[in-house]
Amino acid sequence: MLKRLRFPIRYVPFAATVAVFIVAYAIGAISFKNFFTLRVFVNLFHDNAYLGIAAVGTGIVILSGGIDLSVGAVIAFTGMLVAKLTACGINTGLAILIALAVGILFGILQSTLIASFDLPPFLVTLGGMFLARGGSFIINEEALSILKNPVLDFIEDNLQLSLGNGVYLECIEVVYLIVLLCGIVFTQWTPLGRRIYAIGVNEQSALLMGVPVARTKIMAYGIAGFCSALAGIVFTVYLKSGNPLNCIGLEMDAIAAVVIGGILLTGGVGYLLGSLFGVLTLGLIQVLIMFQGNINSWWTRIIIGILVLLFIFMQNLITKLSDKKQ
Amino acid sequence: MDILRTTGISKSFGEVQALKDVDFSLEAGEIHALMGENGAGKSTLVKIITGVYQPTNGSIWFDGADRRLNSPQEAEQIGISTVYQEVNLLPDLSVTENICLGREPRKFGFIDWKAAKERARKALAKLEVDIDVSANLASYSIAIQQLVAIARSLDVECKLLILDEPTSSLDENETHQLFQIMRHLRDQGLAIIFITHFLDQVYEVCDRITILRDGCKVGTFRACDLPRVEMVSKMIGKSKEEIDSMGHRAPSSSEQALGPVILKAENLESRGVVGPLNFELHAGSQVGLAGLLGSGRTETANLLFGIASYDAGHLEINGKVANKLTWNPRKAVKARLALIAEDRKLTGVIPDLTVRENIILALQASKGAMNQIPRRQQDQIAEEYIRRLDIKTPSPEQLLKNLSGGNQQKVLIARWLATKPELIILDEPTRGIDIGAKAEIEALTDDLCKAGMSVVFISSELEEIVRDCQRVVVLRDRRQVGELAGTDVTMKNILKMIAG
Amino acid sequence: MNNSQSLNFIIGITALLVCVASTFISGRSQKFRHLRWPLVALSLLFLYNLIFKPTFFALEITDDGYLYGSLIDILNHSSKIALLATGMTLVIATGGVDISVGSIMAISGAVAATVIVSPYSSLILAVVLALLVSTFAGLWNGILVAACGIQPMVATLVLMVAGRGIAQLITDGTIITFHHPAFNAIGNGHLLGLPVPAWLAATIFLIALALTRTTSLGLFIETVGNNRTAARYAGIAARKIVWITYVFSGFCAGIAGLVVCSNIKCADANHAGLYLELDAILATVIGGTSMTGGRFYLSGSILGAILIQALSTVMYANDVNPAVIAVPKAILVIAVCLLQSDRFRSRIMALPVFRKFGGEPC
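Residue numbers (our numbering), protein chains in the order written: chain U, -8 to 317; chain X, 38 to 537; chain Z, 62 to 423.
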């Protein structure tokens, strides 16, 4: 049999994501003087680290064929939790650990309901969203700022990597990159991660092939809960305060980033690395519009909408093409 | 040497007894065909062997020990694998993964993709398949996908391989390739249960044949000792003598004067599905479509009704050509066609709607949404058909899902009679319903004919066809193999044609 | 106990009795069964207030001759959700979902406000144009779902994301405030003592009811949602049916957008109808329509909308921080999910306590 060297169709969405990012970046670099600098590039990571971490969790849930609407609310909740706990004099490290545990538990709770009673994930995570949002107001009705915190100050002052020219790689972007890397390794190189893909492609077939569907689902949402909690912590560190109104609607941005990253919303198709480019593209659009100055900020949403649409159409086309082959 | 023995296996679902006291044995190194018409119990037997169902009675002995299987996974662990007609793999994942999922080779806890690919390649090489294993499964033909499924089965220690209608979507070459592989595996000592509807294939590849009928085992035979006609007669449960003695009933009066042609098919064909077909349907006559399961009967019905599109030939209804690009069920309904399809649950029953709503549905659809049938009239229509077809329901407002199978079927017939069709296609209308209801439906189709309707009757029960139809179109392996009319319509003649 | 207190008490008891009575009636009738659980919840809410906060039931007649009080507030504010839920019910009945309605509301408000402050300021022009645009938005969703075959949630996500941007584009990024007595009446006016939004919601509900029940659209929608293949075999134009429901949903969202815009006398592209799509879906599911499609209950959805708003209003009345309302809402969502889950019901019924009664769960 003759093996022809060709570009597999399943890499097309990912390639398109990268291409969109490069094109957008090139446009910026050509049009604006100070755009093609390390500072702008690093800032892109800095400003979107929390969204990126959330998108890793959302991506894993979507790959498993589910959806998680509670992301934004969980971010606000864990942020408030950390702020409150540190204000109460609890060790910052401990507070962070507690917040992470709460996030994981929250995800596991939601997915247990979904998996054991066959409930629609859309509604259950909607309930989770209400619960977490309400919960963050119960912790405190107004924003809580973290003023003097030796641990956070230490992190900020000492844990940064100079890249020269006064540009520093700070803790939160490093956390994001580590989470992303772990997510990619987990989904691509571990049997547990592959199970997530398997149930996302077809739950019934996966069950027949011996995949423990319920346990895998619970794991996926647990990871998403962890990511949301971590994003919440990062966001709190980033702003040095927790606010119960933080990140309203962030789950939709995360979903959009994941879709633009080439992951199929129905599950089972795509790469977590794509979510990086999805997040960066979203951030880049904002930066571009900021640089431009004349174009109004609402174009951001419209452009994101158009990008989402294009990616949905592309995925649809690819699905149809590979169906035809059969 | 036996590898599998089932003794006295029975299985009942509620009051329906699907299997009665079946003893079945299988030797290592043989290809064994499991034959039977619908409802014969072969899929139930397979599901018991693979652990999907647990038998009500009886025991399974496999590979040296008595077994109780509670799930397909357990069956797979002891070496029983199944490859289904619709490939139950994951199309969006790579071939490698489909073969290795759940037992990936690891290195330091992480998947060793290189080793996994190598293993997939080796597993496929055993089947003489050489493909790019890192490509998505969906990018290959069904035939390759089926081979991948077999490779996955062989990758675990497999001692018994069950192939459930693997050839139904393969072309001739692919089928032969599959057979070669099957023989090869047999020679290595694997036991294979092969389920198919194609008689030719049974004789081509199988060593022994077990025939089931109505949940009982008819017998196990060596393929070379069992002539085709005899096999078919055993499957449908009539002895040769019975068939010979059963003639055609006296030709009815309607036969002398054929009504106008309602439907005409000329070389009608859907490539790779069914055809070419050539027949005419006249008003006031009943035409039977005979053939075994999988011979293309349902496909023909779908073609006529516009569910599936045809790509060659010519279809004419009431003198008007049904355009192959635009012919669809809505147009068919407008042209006064009706189809009572085979898969009642999927294509007919709207479970959460009431009996009344189900009955008036097609009539309402043909009138359009804006032209609602007044409620009084709806009640009248519903009551009329409930009475006429003797539908057993506490009230017309009962939800259809709460009715028994036979009554659901009658509701669907009522749905289409309410549209006052000129041509009605009944695809296995008597399947899975009790004898009383069967007789009623037969009597009903007779009446419809007398009233000038044209009826196409599809049934596995040749007796019903011989009894009711003036003409019979016979299908085999998705091709029309002949047409019988008048006094030629006898069980014997039909059987001869079916067996080929 | 003074006069007004006893009056409150009487109103409260009447409201409670009406609720309890309807609960019993709906429990017994085949046709209104789906209303039972929301009515139980509403009864409990009223009971709580009757005991702890009878002033909740205070009703006054203002000098202008219209009613005023918490109960009226519920009616007034639930109408937005009710409007959305009416359209959403039909969409969900076909087995779909429309998460773009909140954004469509923002677009509708933006269009109306732009017309109102423009030189061509006219009530009719504003309303007609806003409704045209939002109906077109629904049409867009319908095309993506029915013609392109994109999964409903994904298809409507596009407009959900882009919609607020489009609304801002229309308003040029500003919050347009205006004063236009006739237009303001849509969100703030009263008719026969009751707020106009409630009348609007009632009208749309009746129109939807008439459209689906005096024609066969309702039957077709349920058929498509219940068994799409069978609908095709019966000769129903399934695609067209699906498409119509999205158009109608867009139209309803347009009216809801007008109500909000007129109510706050400005067009706020960022916040108008924010997260209201979730409330609408919730109202629909509370009303007994299953997310998987099939049978739909418009009356249930309206009741669901009222219940959601009643929950908020009761919390307001009891001085709970409005944001904490999310918590009981969460409990409501999960409870509704569990009540509708066959698996949950069969597990609960298997418990020894319930086995004794042998009754049916729902």
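Glycine residues also receive a C-beta, built at the ideal position from the N, C-alpha and C atoms. Remember, it's a predicted structure, so these values are computed and weren't measured experimentally.
Handout entry: Touch test, the region 151 to 171 of chain U against the region 18 to 26 of chain U, Cβ-Cβ under 8 Å, three pairs minimum
Key = The way I'd put it, the region 151 to 171 of chain U doesn't touch the region 18 to 26 of chain U; fewer than three beta-carbon pairs between them come closer than 8 Å.
Exercise for the section: For the beta strand (DSSP E) containing Thr147/Z, list its first residue and its last residue. Expected result: No beta strand (DSSP E) holds Thr147/Z; the alpha helix (DSSP H) holding it covers 131 to 154.
Practice task
Inspect the beta-carbon positions of Leu499/X and Ile462/X and report whether they are closer than 7 Å.
Solution key: One thing to note: Leu499/X has its Cβ no nearer than 7 Å to the Cβ of Ile462/X.
Practice task
Reducing DSSP to helix, strand and coil, say where Ala287/X ends up.
Solution key: Any reading at Ala287/X needs caution, since the residue's pLDDT is 47, under 50, leaving its predicted position unreliable; the model's value is listed next. Correct three-state label for Ala287/X: coil.
Problem - Limits of the unbroken alpha helix (DSSP H) element including Thr456/X - result: Where Thr456/X is concerned, there is no enclosing alpha helix (DSSP H), given that its DSSP letter is neither H nor E.
Handout entry: Where Arg140/X falls: helix, strand or coil (DSSP)
Key = Coil at Arg140/X, not helix or strand.
Problem - Buried/exposed call for Lys311/U, threshold 16 Cβ in 10 Å - result: Flag for Lys311/U reads exposed.
Problem - First and last residue of the uninterrupted beta strand (DSSP E) at Thr72/X - result: Per the sequence shown, residue 72/X should be read as Met rather than Thr. Unbroken beta strand (DSSP E) run through Met72/X: 68 to 72.
Exercise for the section: Following the continuous beta strand (DSSP E) through Arg245/X, name the residue where it begins and the one where it ends. Expected result: Annotation for Arg245/X: the continuous beta strand (DSSP E) segment containing it runs 245 to 250.
Handout entry: Cβ of Met410/Z within 7 Å of any chain U Cβ
Key = Closer than 7 Å: no.
Handout entry: Proximity winner among Ala76/Z, Gly88/Z, Met221/Z, relative to Asn110/Z (alpha-carbon distances)
Key = Minimum Cα distance to Asn110/Z is reached at Ala76/Z.
Problem - Chain-ordered neighbours of Val202/U on chain X, where CB pairs are closer than 8 Å - result: By Cβ distance, chain X contributes Leu138, Gly139.
Handout entry: Same chain only: Cβ atoms within 7 Å of Ile209/U, ignoring 5 sequence neighbours per side
Key = Counting only Cβ-Cβ distances below 7 Å, and skipping sequence neighbours, we find Ile99, Ser102, Thr103, Ala106.
Handout entry: Spatial distance of Leu368/Z from Ser83/Z (CA atoms)
Key = Cα to Cα, Leu368/Z sits roughly 14 Å from Ser83/Z.
Handout entry: As assigned by DSSP and simplified to three states, the class of Gly94/U
Key = Correct three-state label for Gly94/U: helix.
Exercise for the section: Inspect the beta-carbon positions of Glu111/X and Gly95/X and report whether they are closer than 7 Å. Expected result: In terms of Cβ geometry, Glu111/X and Gly95/X do not form a close pair [threshold 7 Å].
Problem - Gly43/U, enclosing alpha helix (DSSP H) - first and last residue - result: Here the alpha helix (DSSP H) through Gly43/U covers 29 to 54.
Exercise for the section: Answer yes or no: do Val266/X and Cys506/X have a C-beta to C-beta separation smaller than 7 Å? Expected result: Not a contact, by the Cβ cut-off of 7 Å.
Problem - The beta strand (DSSP E) enclosing Cys313/Z, as first and last residue numbers - result: Counted as a single uninterrupted DSSP element, the stretch harbouring Cys313/Z is not any beta strand (DSSP E) but the alpha helix (DSSP H) occupying residues 299 to 324.
Practice task
Compute the Euclidean distance between the alpha carbons of Val388/Z and Leu339/Z, then round it to the nearest angstrom.
Solution key: Rounded to whole angstroms, Val388/Z to Leu339/Z spans 15 Å at the Cα level.
Practice task
Determine the chain X residues that contact Asn64/Z at a beta-carbon separation under 9 Å, and present them in chain order.
Solution key: Neighbourhood of Asn64/Z in chain X, by CB distance below 9 Å: empty, with the nearest CB roughly 50 Å away.
Practice task
Please work out which residues of its chain come closer than 8 Å, Cβ to Cβ, to Arg220/X, disregarding the five sequence neighbours upstream and downstream, and give them in chain order.
Solution key: These residues qualify, in order along the chain: Ile68, Val242.
Exercise for the section: Could you give the DSSP three-state label for Leu130/X: helix, strand or coil? Expected result: Shown here, Leu130/X sits in coil according to DSSP, grouped into three states, outside any helix or strand.
Practice task
Below 6 Å CB to CB, which residues in the same chain sit around Arg186/U once its five sequence neighbours on both sides are set aside?
Solution key: Val202, Thr207.
Exercise for the section: List the residues of chain Z whose Cβ lies closer than 7 Å to the Cβ of Ser266/U, in chain order. Expected result: Close partners of Ser266/U in chain Z (Cβ separation under 7 Å) are lacking, with about 16 Å as the shortest Cβ gap.
Practice task
Could you check what DSSP says for Trp364/X in three-state terms: helix, strand or coil?
Solution key: In this structure, DSSP gives Trp364/X a state outside helix and strand, which the three-state scheme calls coil.
Exercise for the section: State yes or no: is the C-beta of Ile142/Z within less than 7 Å of the C-beta of Ala341/Z? Expected result: Contact flag set, yes.
Handout entry: Straight-line Cα distance separating Ile396/X from Leu436/X
Key = Approximately 12 Å, taken between the alpha carbons.
Exercise for the section: Ignore the nearest five residues each way along the sequence and tell me which others in Gly148/Z's own chain have a CB closer than 6 Å to its CB. Expected result: Once the five neighbours on either side are set aside, the close Cβ partners of Gly148/Z are Phe309, Ser310, Cys313.
Practice task
Please name the residues in the region 307 to 335 of chain X whose beta-carbon is closer than 9 Å to at least one beta-carbon of chain Z, in chain order.
Solution key: Listed in sequence order: no entries.
Practice task
Check each residue of the region 93 to 117 of chain Z: if its Cβ is closer than 7 Å to any Cβ of chain X, include it; give the result in chain order.
Solution key: Sequence-ordered contacts of the region 93 to 117 of chain Z with chain X are nonexistent [C-beta pairs closer than 7 Å].
Problem - Environment of Asn451/Z [buried if 16+ CB atoms lie within 10 Å] - result: It is not possible to answer for residue 451/Z, since the shown part of chain Z is limited to 62 through 423.
Practice task
Starting from Gly296/Z, find everything on chain X with Cβ-Cβ shorter than 7 Å and list it in chain order.
Solution key: Those within 7 Å of Gly296/Z in chain X are Pro366, Arg367, Val370, Ala399, Ala402, Ser403.
Handout entry: Secondary structure of Asn544/X, DSSP reduced to three states
Key = Only positions 38 to 537 of chain X appear in this structure, which leaves residue 544/X out of reach.
Handout entry: Unbroken beta strand (DSSP E) run spanning Gln517/X, endpoints
Key = It spans 516 to 522 - the beta strand (DSSP E) in which Gln517/X sits, taken as one unbroken run.
Exercise for the section: Would you mind reading off the limits of the beta strand (DSSP E) that contains Lys208/U? Expected result: Segment 204 to 230 is the alpha helix (DSSP H) holding Lys208/U; no beta strand (DSSP E) there.
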